[in-house]
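Taking it in order: structure first as structure tokens, then the write-up.
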RNA sequence: GUGCCCAUAGCUCAACCGGAUAGAGCACCAGCCUUCUAAGCUGGGGGUUACAGGUUCGAUUCCUGUUGGGCACACCA
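In the numbering used here, the protein residues as written are 1488 to 2045.
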């Protein structure tokens, strides 16, 4: 029998053939294959007949009848039925489902890897925090969602570059410099002379202390030593930025997030990229001078008002280097770019896209893509937490990792749709009980590991098991979950929705726990034992693959 | 005031680009450990999908309006 693992695609192709035969003039219709909610509706369903009813001016059930008659034979399909208003329900053969176990064990960590991206290059920019303080919960959500998205895209066959953009130029860095200088001089944030825009967190005092002690900061690419000179603003500035970059790097490392490329806003200035972009925009004819400032007519590209590019004091506004940066991304050959950001920055989207369109260098209209995540609020003892000792006014990512651990933090921050606001309940994330989905999933993995260890046999032997013995309701349910995994990766990659992986893993774990409670694995019958162990070994493999996408560990013991 | 996001069980959230009887977990009630991990499982009650219209074979999903919540509306980043 032929081996099929992507049943949705397979069935879709069968219907495409049937469609050509039944209605050759309707081949433009998209064929949608879905998984019915109810088991009695089969394993897969197709609504093609109902879609065709209007254009063909025939009843859906008649069309369904004709489609089924024209459907090419496939040995993975056992039964086809017409139901309801004209649904075509398909039932897979047991053998087709059982074959998935061998496929998973054979592919191992590669199970779930797709070719959707076909090796094309995609760049994902995320976190991109200003080097003016420690990373907070919001950055954590960006890190978790962005990193998981990268993992998902990689699994879907894309060549992914992870990038972090440092806004190390501009007014906020001047504020940082001044704040550190004041701390060096012994001025504290509660002093009346402390500037309104100054940074107040305790970490500023740490930076000042290190600067005065002439410490050397080692970042991945450079070393910076504080001069200790309180009046040397240039030195303070370099030192403070280096110090905080190092802090953020440590936070990210503790969160198991790594970047391929760090881009510096300051470099766009020193390398003349900003100036070049301005000149190109002027040449494009979309700019004008008014009241001593240079404006970009972003209203030509859908903005509700024009934006200042160059202020009367000669400095550029923030979006100008941002446009220059994105022009660089384009030139570096990224046909696809995804920016993961907090929703509070959503207003930049229109401006950046407008700037890129004004440049008229062939960049598509909706480029780049954006994934925006909504705000995170942190809950502890049922009350909202707002203050961190370290940062002053917000909860840091480090606080969360220290308190609830990396696994739970990553899971909770990535497990919600980015579009909805997130409540991070510290007590829930810490709880070692069945309320906590992280432990629920990891526990399933640990249970399987223990069974396999107790068994102590050779894993390779499981490939030879008689999978035909797997036909209890629990086994069939688990098989179906394993079959669904690649489809989840596909949806998550296409919708840029990494949270789907988290939901899937909960369902997979649930199917396993039910199975675990209903049956024993280390039974006397060798054939049965091997078949069951093969199934749970495959389950553990898919769990491990999925958890890896989330950046959550798959423990052998708990 | 304008723009973007959101609104689903008491609580936290799903629902595969418009499908069939809207699903999980928690909480509540009743059960399951002489056995490979009870951090688990089984069963039960719980819904006018914020509200009002519209589009069509069919709407939680798309459109319009209303209400409520969040964010953004600088010659800031």
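We put the beta carbon where it would ideally sit given N, CA and C, even for glycine.
task = Give, in chain order, every unbroken run of the alpha helix (DSSP H) that is at least 4 residues long and sits entirely within the region 1678-1725.
result = Taking only runs of at least 4 residues, the alpha helix (DSSP H) segments lying wholly in the region 1678-1725 are 1689-1699.
query = With distances taken from CA atoms, which of 1992, 1946, 1806 and 1852 is nearest residue 1838?
reply = Comparing Cα-Cα distances from residue 1838 to each of 1992, 1946, 1806 and 1852, the minimum goes to 1806.
inquiry  = Closer than 8 Å is the cut-off here; do at least three beta carbon pairs connect the region 1824-1838 with the region 1758-1766?
reply    = Because the criterion of three Cβ pairs below 8 Å is not met, the region 1824-1838 and the region 1758-1766 do not touch.
query = In whole angstroms, what separates the C-alpha of residue 1637 from that of residue 1499?
reply = About 28 Å.
inquiry  = Going by the DSSP bridge assignment, what does residue 1568 pair with across the sheet?
reply    = Note: residue 1568 sits in a beta bridge opposite 1576.
message = If I measure Cβ to Cβ from residue 1786 and keep anything under 6 Å in the same chain, skipping five residues before and after, which residues do I get?
response = Closer than 6 Å at Cβ, skipping near neighbours: 1793.
inquiry  = By DSSP's criteria, residue 1783 is part of a beta bridge. Which residues make up the other side?
reply    = Note: residue 1783 sits in a beta bridge opposite 1774 and 1794.
ask   = Can you find a heavy atom of the ligand MG that lies under 7 Å from the Cβ of residue 1694?
value = The ligand MG is not among the ligands present in this structure, which contains no ligands whatsoever.
message = Could you pull the DSSP bridge partners for residue 1646 from this structure?
response = Answer is 1608.
message = Measuring only the C-alpha atoms, how far is residue 1864 from residue 1896?
response = Their backbone Cα atoms lie some 13 Å apart in a straight line.
query = Taking just the CA atoms, how far does residue 1629 sit from residue 1770?
reply = Between residue 1770 and residue 1629, the C-alpha separation is close to 36 Å.
key: Same chain, Cβ closer than 7 Å to residue 1690, five either side skipped, listed in chain order   = Correct list, in chain order: 1620, 1621, 1877 and 1878.
query = Does the pairing of the region 1599-1616 with the region 1557-1574 give three or more beta-carbon distances under 8 Å?
reply = Because the criterion of three Cβ pairs below 8 Å is not met, the region 1599-1616 and the region 1557-1574 do not touch.
ask   = By Cβ distance, which residues of its chain are closer than 6 Å to residue 1993, with the 5 residues on each side in sequence left out?
value = Once the five neighbours on either side are set aside, the close Cβ partners of residue 1993 are 1924.
query = What do you reckon, are the CB atoms on residue 1588 and residue 1954 nearer than 8 Å?
reply = Yes, the Cβ-Cβ distance between residue 1588 and residue 1954 is below 8 Å.
Beta-carbon proximity check, residue 2118 vs residue 1935, cutoff 8 Å = Missing from the structure shown is residue 2118; the chain here goes from 1488 to 2045 and no further.
ask   = Once you ignore the five residues that flank residue 1514 on each side, which residues in its own chain have a CB closer than 7 Å to its CB?
value = Exclusion of the five residues before and after residue 1514 leaves 1506 and 1507 as the residues of its chain whose Cβ lies within less than 7 Å of its Cβ.
inquiry  = For the structure I just gave you, are there three or more beta carbon pairs, one from the region 1737-1750 and one from the region 1658-1676, closer than 8 Å?
reply    = Counting Cβ pairs under 8 Å, fewer than three are found: no touch.
Euclidean distance between Cα positions of residue 1687 and residue 1671 = As the crow flies, the alpha-carbon of residue 1687 is around 13 Å from that of residue 1671.
query = By DSSP, does residue 1882 sit in helix, in strand, or in coil?
reply = Coil at residue 1882, not helix or strand.
message = List, from N- to C-terminal side, the alpha helix (DSSP H) runs of 4 residues or more that fit wholly inside the region 1941-2008.
response = Listed in chain order, the complete alpha helix (DSSP H) runs (minimum 4 residues) inside the region 1941-2008 are 1946-1949, 1960-1982 and 1986-2005.
key: Contact check, residue 1884 vs residue 1626, beta carbons under 8 Å   = Taking 8 Å as the cut-off, the beta carbon of residue 1884 is found closer than this to the beta carbon of residue 1626.
ask   = If you draw a straight line from the alpha carbon of residue 1753 to that of residue 1728, how long is it in whole angstroms?
value = A direct Cα-Cα distance of roughly 11 Å separates residue 1753 from residue 1728.
task = Hey, could you find the ends of the alpha helix (DSSP H) residue 1558 is sitting in?
result = Premise fails: residue 1558 is in no alpha helix (DSSP H) and is neither H nor E.
task = Would you list the residues sitting across from residue 1668 in a DSSP beta bridge?
result = Looking at the DSSP assignment, residue 1668 forms no beta bridge with any residue, so it has no partner.
key: Contact check, residue 1826 vs residue 1851, beta carbons under 8 Å   = One thing to note: residue 1826 has its Cβ no nearer than 8 Å to the Cβ of residue 1851.
task = Quick one: measure Cβ to Cβ for residue 1590 and residue 2032, integer angstroms, because I've assumed they're closer than 8 Å.
result = Contact flag wrong, Cβ pair sits at about 13 Å.
query = Hey, would you say residue 1553 sits closer than 8 Å to residue 1516, going by beta carbons?
reply = Not closer than 8 Å, so no.
inquiry  = Among 1880, 1866, 1926 and 1943, whose alpha-carbon lies nearest the alpha-carbon of residue 1893?
reply    = Measuring from the Cα of residue 1893, the nearest candidate turns out to be 1926.
inquiry  = Could you compute how far the alpha carbon of residue 1683 sits from the alpha carbon of residue 1773?
reply    = Each residue's alpha carbon lies about 36 Å from the other.
ask   = Assuming residue 1899 contacts residue 1866 under a Cβ cut-off of 8 Å, what Cβ separation, rounded to an integer in Å, is found between them?
value = Residue 1899 to residue 1866, Cβ: 11 Å. No contact.
task = Would you mind working out which of 1545, 1493 and 1543 sits nearest residue 1520, comparing C-alpha positions?
result = Out of 1545, 1493 and 1543, the CA that lies nearest to the CA of residue 1520 is found in 1493.
As assigned by DSSP and simplified to three states, the class of residue 1823 = The answer is strand: DSSP assigns residue 1823 an E or B state.
Residue 1749 - partner residues in DSSP beta bridges = Under DSSP, residue 1749 takes part in a beta bridge, and its partners are 1651.
query = For residue 1540, which residues from the same chain have a beta carbon less than 6 Å from its beta carbon, with the 5 sequence-adjacent residues on both sides left out?
reply = For residue 1540, where only same-chain residues beyond five positions count, the Cβ hits under 6 Å are 1547.
task = In the DSSP assignment, find the alpha helix (DSSP H) that holds residue 1545 and state where it starts and stops.
result = Note, residue 1545: premise wrong, no alpha helix (DSSP H); not H, not E.
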